[in-house]
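Engineer:
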Amino acid sequence: MAENQENILKPFEFPSDVKQLSKEECAKILRKALTLSRKYKTQADISKITNINEKSIGDYFTARNKPSQERWSLLRKALFMEGQRESLTTKRVYETIHSIERFKAVLFLLKDELEYFKDSTSDNRKLLKEQIPGKEVGYIVSLLSALYDENQLEIFKNFSNKSK
76 MAENQENILK PFEFPSDVKQ LSKEECAKIL RKALTLSRKY KTQADISKIT
126 NINEKSIGDY FTARNKPSQE RWSLLRKALF MEGQRESLTT KRVYETIHSI
176 ERFKAVLFLL KDELEYFKDS TSDNRKLLKE QIPGKEVGYI VSLLSALYDE
226 NQLEIFKNFS NKSK
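So the sequence shown is numbered by the working numbering: it starts at 76 and just counts up by one.
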């Protein structure tokens, strides 16, 4: 049971060099890679993308034959590198979602503070203005506005880079 848990946590590896692998190890790696692939579902799909005939692909997947280094590289590029790109994309999406959640929390807090000063006295707002320069507030307001318009964002980026 512990060995199974270890295998689940271990990242999938698809070695670039086929020389040190047996045909059985190659078959196991290929089957695992195809199982993990979101883009390719069958050996026929792999055959089409790599231009390796289906019979040869079948032989590699069943350990009847071991692919040459050239073919192994094609298979690796199709099956493994596709997964790596997807993984990076997924990571970026999760990072963006996490950033959005933090941003929402900050906006929620900011709204409460802004409401406080809206309903406060002019003396309190004067103190606020002394503590937080208008230039900083203007920058944040402009950036927030620009984030909702790509053309404005490009203008904002160019303008803010020149003023640094």
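Backbone N, C-alpha and C fix where the C-beta goes; we use that ideal spot for every residue, glycine too. Computed from a predicted model, the values in this text were never measured in an experiment.
1. If you reduce the DSSP assignment to three classes, tell me which class N128 lands in.
2. Nearest CA to the CA of F98: which residue from A138, I215, S174?
3. If we ignore side chains and look at the alpha-carbon of each, how far apart do K201 and E225 end up?
4. Taking all protein chains shown into account, decide if V181 is buried (16 or more other Cβ within 10 angstroms of its Cβ) or exposed.
5. Can you tell me the Cα-Cα spacing of W147 and E170, whole angstroms?
6. Looking at the unbroken alpha helix (DSSP H) that takes in R102, where does it start and where does it end?
7. When the distance is taken between beta carbons, is A153 closer than 8 Å to T125?
8. Can you grab the Cα-Cα spacing for the pair I175 / R113, in whole Å?
9. Reducing DSSP to helix, strand and coil, say where V181 ends up.
10. Between which two residues does the alpha helix (DSSP H) holding R211 run?
11. Are there 16 or more other CB atoms within 10 angstroms of the CB of A119, so buried, or fewer, so exposed?
12. Taking 8 Å as the cut-off, decide whether the C-beta atoms of R151 and F192 are in contact.
13. Which word fits P208, buried or exposed, when buried means at least 16 other C-beta atoms lie within 10 angstroms of its C-beta?
Structural biologist: Looking at the atomic coordinates:
1. coil
2. Note on identity: in this sequence residue 98 is Lys, with Phe being the wrong assignment. Here the closest residue by C-alpha is A138.
3. 34 Å
4. exposed
5. 33 Å
6. Sequence inspection shows Ala at residue 102; the Arg mentioned does not correspond to that position. Run containing A102: 98-111, per the alpha helix (DSSP H) assignment.
7. yes
8. 26 Å
9. helix
10. A small fix is needed here, since residue 211 is Glu in this sequence, not Arg. Where E211 is concerned, the enclosing alpha helix (DSSP H) stretches over 209-221.
11. exposed
12. no
13. exposed
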